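Asks:
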Amino acid sequence: MVSELSVLIPIYNQDVTKLVESLLAQCRSLTSRFEILLYDDASEEKFRNKHRYLNEEPEIRYVEMRQNVGRAAIRNCLAQDANFRYLLFLDNDSALPDEEFVKRYWECPEEADVLIGGTVYEPEAPSDMYMLRWHYGKMREEKLAAIRNKNPYTSLTLNNILIRKEVYLKHQLNTELQGYGHEDTKFGWELEKAGVSVKHINNPVIHLGLEPAVDFLKKTRQAIKNLYQLYQIQPSISDSKLIKSYELLRKTGMARIFLLAFRPMRGMMLQNLRSANPNLKYFDLYKLYLFTSQALGK
Numbered sequence: 001m002v003s004e005l006s007v008l009i010p011i012y013n014q015d016v017t018k019l020v021e022s023l024l025a026q027c028r029s030l031t032s033r034f035e036i037l038l039y040d041d042a043s044e045e046k047f048r049n050k051h052r053y054l055n056e057e058p059e060i061r062y063v064e065m066r067q068n069v070g071r072a073a074i075r076n077c078l079a080q081d082a083n084f085r086y087l088l089f090l091d092n093d094s095a096l097p098d099e100e101f102v103k104r105y106w107e108c109p110e111e112a113d114v115l116i117g118g119t120v121y122e123p124e125a126p127s128d129m130y131m132l133r134w135h136y137g138k139m140r141e142e143k144l145a146a147i148r149n150k151n152p153y154t155s156l157t158l159n160n161i162l163i164r165k166e167v168y169l170k171h172q173l174n175t176e177l178q179g180y181g182h183e184d185t186k187f188g189w190e191l192e193k194a195g196v197s198v199k200h201i202n203n204p205v206i207h208l209g210l211e212p213a214v215d216f217l218k219k220t221r222q223a224i225k226n227l228y229q230l231y232q233i234q235p236s237i238s239d240s241k242l243i244k245s246y247e248l249l250r251k252t253g254m255a256r257i258f259l260l261a262f263r264p265m266r267g268m269m270l271q272n273l274r275s276a277n278p279n280l281k282y283f284d285l286y287k288l289y290l291f292t293s294q295a296l297g298k
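For the sequence shown, the UniProt record's numbering begins at 1 and goes up steadily by one.
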């Protein structure tokens with residue numbers, strides 16, 4: 001069972017007041033041995049103004065970074081500054097599903113070094129411009145613990161993760177990856193390599209932060225660059241479906257042919273991905289195209 005808890009939330013251009021007020025109420029009902037650390041990574045002033053009052057609460061520490069340090073570095077800072085043994089990382093665009101969220105972690109038997117609660121999405125479909133991100137989340141990310149536990153390290157995400165402080169500090173996030181994507185992938189590899197036990201449980205948060213398809217596709221391009229950077233460091237990656245597909249193309253001599261065949265269809269596929277009915281098979285092909293282009297320098 002959890003004996004003390006540091007809830008760690010990096011903030012960037014999001015209003016976290018509702019999330020923090022819910023967490024504060026739930027934690028207070030369980031223990032006095034907790035804190036909520038909120039580190040703002042150089043958000044716009046309108047968001048900082050919303051959050052400064054939170055420092056009035058004795059259990060909350062709200063800090064404003066002087067300049068943007070990035071997704072990995074700010075999480076490392078939060079972990080280093082935490083006072084308690086157990087760290088609960090949450091993204092700033094999350095919402096709690098009910099009033100028992102913290103209690104489920106608090107009372108969970110200590111069966112693993114790391115617990116992953118999972119993520120769900122709102123059941124109602126959003127407007128067309130957000131459809132790709134919502135559809136991808138519903139189909140690819142919203143999974144029960146029984147499914148995630150089949151591949152516990154590849155299903156690992158940095159949102160909604162409970163980890164002991166000493167474990168995290170031994171395996172801090174790689175700050176060399178720039179922008180969006182795959183810092184959690186490398187984190188999972190490091191934990192698996194070190195033999196750190198990971199267990200997935202059914203205690204999801206609701207992901208509210210849907211980006212328009214145009215922005216999500218831009219983030220995807222950055223994420224593929226990061227994945228290729230990791231691939232160069234560790235070519236023997238065996239748990240990525242995308243890399244398995246690329247390796248098949250490479251070994252069969254089909255990589256360049258794939259690029260040539262895909263390019264005439266790229267515009268049509270991107271148009272579909274920005275539409276009200278995005279096809280995730282097109283999205284998979286697009287990511288394979290991006291990765292193969294990186295690998296061949298095209």
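For each residue, glycine too, the CB sits at the ideal point set by N, CA and C. Bear in mind the structure is a predicted one, so any value in this text is a computation, not a measurement.
I need the boundaries of the alpha helix (DSSP H) containing asparagine 20, first residue and last residue.
Replies: Before going further, note that residue 20 is valine rather than asparagine in the sequence given. Its alpha helix (DSSP H) spans residues 17-28.
Asks: Quick one: Cα of leucine 191 to Cα of lysine 170, how far?
Replies: The straight-line gap from Cα to Cα measures roughly 10 Å.
Asks: Assign lysine 186 to one of two classes, buried (16 or more other C-beta atoms within 10 Å of its C-beta) or exposed (fewer than that).
Replies: buried
Asks: At which residue ranges does the region 7-92 contain complete beta strand (DSSP E) runs of 3 or more residues, listed in the order of the chain?
Replies: 34-40, 60-64 and 86-89
Asks: By DSSP, does isoleucine 206 sit in helix, in strand, or in coil?
Replies: In the three-state reduction of the DSSP assignment, isoleucine 206 falls in the strand class, which pools E and B.
Asks: In the DSSP assignment, what are the bridge partners of lysine 199?
Replies: Leu115
Asks: Counting only runs of 3+ residues fully inside the region 91-178, write out the beta strand (DSSP E) ranges in chain order.
Replies: Segments of the beta strand (DSSP E) lying fully in the region 91-178: 114-116 and 161-164.
Asks: Could you give the distance in angstroms between the alpha-carbon of methionine 265 and the alpha-carbon of aspartate 284?
Replies: 14 Å
Asks: How many angstroms separate the CA atom of glutamate 59 from the CA atom of lysine 18?
Replies: 16 Å
Asks: Using DSSP bridges, identify the partner residues of leucine 270.
Replies: None, per the DSSP bridge assignment.
Asks: Are at least three pairs of beta-carbons, each pair with one atom in the region 29-38 and one in the region 4-18, less than 8 Å apart?
Replies: yes
Asks: Taking 8 Å as the cut-off, decide whether the C-beta atoms of isoleucine 161 and phenylalanine 101 are in contact.
Replies: Inclusion of isoleucine 161 and phenylalanine 101 in the CB contact set at 8 Å is not warranted, their separation being larger than that value.
Asks: By DSSP's criteria, leucine 5 is part of a beta bridge. Which residues make up the other side?
Replies: Beta-bridge partners assigned by DSSP to leucine 5: Phe34 and Tyr86.
Asks: Which residue's Cα is closest to the Cα of proline 212: Ile233, Ser127, Leu259 and Leu227?
Replies: The option with the nearest alpha carbon to proline 212 is Ser127.
Asks: Where does methionine 265 fall in DSSP's three states?
Replies: helix
Asks: Leaving aside the five residues before and after arginine 48 along the sequence, list all residues of the same chain whose C-beta is less than 7 Å from its C-beta, in chain order.
Replies: Asp40 and Glu64
Asks: Which residue from Ile257, Asn277 and Ser94 puts its Cα closest to that of alanine 125?
Replies: Asn277
Asks: Rounded to whole angstroms, what's the CA-CA distance from glutamate 44 to valine 2? Just pull it up for me.
Replies: Approximately 35 Å between the Cα atoms of the pair.
Asks: Give the single residue among Pro204, Lys193, Leu132 and Trp189 whose Cα lies nearest to the Cα of leucine 270.
Replies: Leu132
Asks: Using the Cα positions of isoleucine 224 and phenylalanine 291, report the straight-line distance between them to the nearest angstrom.
Replies: 6 Å
Asks: Please report the straight-line C-alpha distance between residue 310 and glycine 209, rounded to a whole angstrom.
Replies: Limits of the chain in this structure are 1 at one end and 298 at the other, which puts residue 310 out of reach.
Asks: Measuring only the C-alpha atoms, how far is glutamate 107 from proline 204?
Replies: 15 Å
Asks: Assuming serine 245 is part of the alpha helix (DSSP H), what are its boundary residues?
Replies: 241-251
Asks: Could you work out which residue in Leu54, Thr119, Tyr130 and Leu158 is closest to leucine 144 when comparing CA atoms only?
Replies: Thr119
Asks: Using 8 Å as the threshold, is the C-beta distance between leucine 280 and tyrosine 130 below it?
Replies: no
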